[in-house]
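J.:
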Amino acid sequence: MEYGIKLVRMFEGDDVMQADNKLLTGSVLRGLLTLALPILAANVLQTAFNLVDTWFVSRLGQEAIAAVSMNLPVFFIVLALGNAVAIGTSSLVAQAVGAGDRARANRIAGQAMALSLTLGIFSGIVGTALARPLLELMGGQGLSLDYAVAYTQIILAGNPVFFFYMALDGVLRGEGDMKSSTLILGFATVINIFLDPLFIFGLGPVPALGVAGAALATMLARGIGLILIISHFYMGRSSIVLRFRFSWDWEVVGSIMRIGFPSSISMAMLSLTMFVYNYLANQFGPHVVAALGLGFRIDSLAFMPGQSISIATLTMIGQNYGARLYDRVVQIWKTGLLAALVSLGSVAIVVLLVPEFFVSLFTDEPDVFDATVSYLRIVPLFYVFLGLGIVTSSSFQGLGRALPALVINLFRLGLVGIPLAFVLIRTGLGASGIWWALALSDLTFASIGFFWFSRLLKKGLSKPVLPGSPE
């Protein structure tokens, strides 16, 4: 059954999509930077919002902070599910755009919308029903539990909107339109920042909703983001036509999940890995647990350039692979590696030179301060390897090869780091054994990925087999 939401038709010929595509010609480095810089700006905006949101919630007391923190594992699971559709869609759309096949790109976008909405509704219903027992299972109790349930249920109720937005954002990124993606996210983030204090503390006729207000502000901002991204397509600013239909094309749906689902497994594994590392850190005291959390937070900030380059690499490789420009695919991978090496190498040098400065931004507790400085004297030594690994992982995804990306991420997340941490903490290194395990797992991640991708290139790249062509 087709609901006929046909938003706009810009082009009549399939070749037009490819004609003005600057990602298929010209400087590879310039193309990567053109894509990566807006993504970096989006990451900075999102991080700024997270910090502001945390500050507002912290005004409500420790129970409120605990409630939002309890939601994090649930959030990562939800994000993993939505991200599966977004990444699969981005890779397939990029290949279709590169091949100049508008009909295929349109078909993929339509199926992505239907799939994301279906998953969003299902996860929203199940999640809101199970929110309290899940949070109780995580140890929630008292006022913190009540706050956490209210917050989580509101966030999960908005899953259909969130997933739909992520799918369309995946279409934009696959098309190579990172600028529009960033502008829309930036506007939604600013709206969220303004709505936060309004709904948390109340103003005039708007009641003070506390923690629930923070969740409501987030959900409304996501809704505004969805309206903006749909308007982007409706106003004819995209080469892709959106046709929303619930007539399933299982070949397209299967391909989206085949590429995206391994990424969601990696995100789920990240949550499990964090649990184990926290367990090990707790053996040395709460100050080490706090140091681990602060270390991860600083890592996430430091790694923004590498993350941006990896997403740009996925899009460029997808489009050039779709266009069968195989030599250029190799060049893009190598340029992405070089960009990650330079950017993260520079960041690592700065962090290693003045770790005390970065730690002082987050804490002045002596024990936590010293433990976090110890973390930052070890882990940044291997930042470049994490960058090389994630660029290669994204390169596999750009080719539509999700299994290698999953395998090398599993080596990083659990198969190497966790066993190594159990061993090293018993060798006299103490808590530093955890830091070294994290660092060496990044080295393994990069090494296996590099040799695997190099071997793939030696065998030669074959013509991409893409779903979604009209019969």
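No gaps in the numbering here: position 75 of the sequence shown is 74 in numbering that gives the first Met the number 0, and each next residue is one more.
Glycine included, every Cβ here is placed at the ideal spot set by N, Cα and C.
1. Given V390, which residues of its chain have a CB within under 7 Å of its CB, disregarding the five upstream and five downstream residues?
2. Alpha carbons only, please: which of M69, R400, G259 is nearest the one belonging to S143?
3. Closest to S254 by CA distance: which of R29, A83, D168 is it?
4. Determine the direct distance from the alpha carbon of I183 to that of Q45, and round the result to whole angstroms.
5. What residues in its chain sit with their C-beta under 7 Å from that of T527, if we drop five residues either side in the sequence?
6. Considering just the uninterrupted stretch of the alpha helix (DSSP H) at F260, what are its terminal residues?
7. Quick check: what's the CA-CA separation for G109 versus L241?
8. By DSSP, does L439 sit in helix, in strand, or in coil?
9. Identify whether R244 lies in helix, strand or coil by the three-state DSSP scheme.
10. For Q306, tell me which candidate among Y276, A166, S392, F274 has the shortest Cα-Cα distance.
11. Going along the chain, which residues of its own chain have a beta-carbon closer than 6 Å to the beta-carbon of Y374, five neighbours each way excluded?
12. Just how far apart, CA to CA, sit V406 and A156?
13. Verify whether the separation of the beta carbon atoms of L385 and F449 is less than 9 Å.
14. From which residue to which residue does the alpha helix (DSSP H) around N408 run?
15. Residues in the same chain with beta-carbon distance under 8 Å from L59, minus the five sequence neighbours each way, listed in chain order, please.
16. Rounded to the nearest angstrom, what separates V350 and P379 at their Cα positions?
17. List the DSSP bridge partners of L202.
18. Kindly indicate the opening and closing residues of the alpha helix (DSSP H) around P472.
19. Would you mind giving the Cβ-Cβ distance between I316 and G397, rounded to the nearest angstrom? I have them listed as a contact below 8 Å.
20. How close, in whole Å, do the beta carbons of A95 and R103 come, if the pair is a contact with beta carbons under 8 Å?
T.: If we stick to the structure as given:
1. On the sequence shown, residue 390 is found 391 positions in, with the first residue counted as 1. Taken in chain order, the residues that qualify are I308, S309, T312, G335, L336, A339.
2. Indexing the sequence shown from 1 puts residue 143 at position 144. The option with the nearest alpha carbon to S143 is M69.
3. If you number the sequence shown from 1, residue 254 lands on position 255. Closest by alpha carbon: A83.
4. Looking up residue 45 in the sequence shown gives position 46. Looking up residue 183 in the sequence shown gives position 184. Their Cα atoms are separated by approximately 12 Å.
5. Because residue 527 is not part of the residues shown, which for the chain are 0 to 470, the question remains open.
6. Reading the sequence shown from its first residue, position 261 is the one you call residue 260. 249-281 is the span of the alpha helix (DSSP H), which, as asked, contains F260.
7. As a position in the sequence shown, residue 109 is number 110, starting the count at 1. As a position in the sequence shown, residue 241 is number 242, starting the count at 1. C-alpha separation (whole angstroms): 6 Å.
8. Here residue 439 is taken as the residue at index 440 of the sequence shown, counted from 1. The answer is helix: DSSP assigns L439 an H, G or I state.
9. Residue numbering aside, residue 244 sits at position 245 when the sequence shown is read from its first letter. If DSSP states are grouped into helix, strand and coil, R244 belongs with the strands.
10. The count along the sequence shown starts at 1 and reaches residue 306 at position 307. It is S392 whose Cα lies nearest to the Cα of Q306.
11. As a first step, residue 374 must be located in the sequence shown, where it is residue number 375. The answer, listed in chain order, is A290, G294, W434.
12. Numbered from its first residue, the sequence shown carries residue 406 at position 407. Numbered from its first residue, the sequence shown carries residue 156 at position 157. Rounded to whole angstroms, V406 to A156 spans 33 Å at the Cα level.
13. For the purposes of this step, residue 385 is identified with residue 386 of the sequence shown, where counting begins at 1. For the purposes of this step, residue 449 is identified with residue 450 of the sequence shown, where counting begins at 1. Cβ distance not < 9 Å, so L385 and F449 don't count as in contact.
14. Sequence index remark: in the sequence shown, residue 408 carries index 409 (1-based). First-last of the alpha helix (DSSP H) with N408: 401-409.
15. Here residue 59 refers to the residue found at position 60 when the sequence shown is read from its first residue. I199, G209, V210, listed in sequence order.
16. What you label residue 350 is simply residue 351 of the sequence shown in a count that begins at 1. What you label residue 379 is simply residue 380 of the sequence shown in a count that begins at 1. Each residue's alpha carbon lies about 7 Å from the other.
17. Walking along the sequence shown from the start, residue 202 turns up at place 203. Answer by DSSP bridge pairing, in chain order: V205.
18. Limits of the chain in this structure are 0 at one end and 470 at the other, which puts residue 472 out of reach.
19. Position 317 of the sequence shown, counted from the first residue, corresponds to residue 316. Position 398 of the sequence shown, counted from the first residue, corresponds to residue 397. Contact flag correct, Cβ pair sits at about 3 Å.
20. Counting from one through the sequence shown, the residue named residue 95 turns up at place 96. Counting from one through the sequence shown, the residue named residue 103 turns up at place 104. Their Cβ separation, rounded to whole angstroms, is 4 Å, which keeps A95 and R103 in contact under 8 Å.
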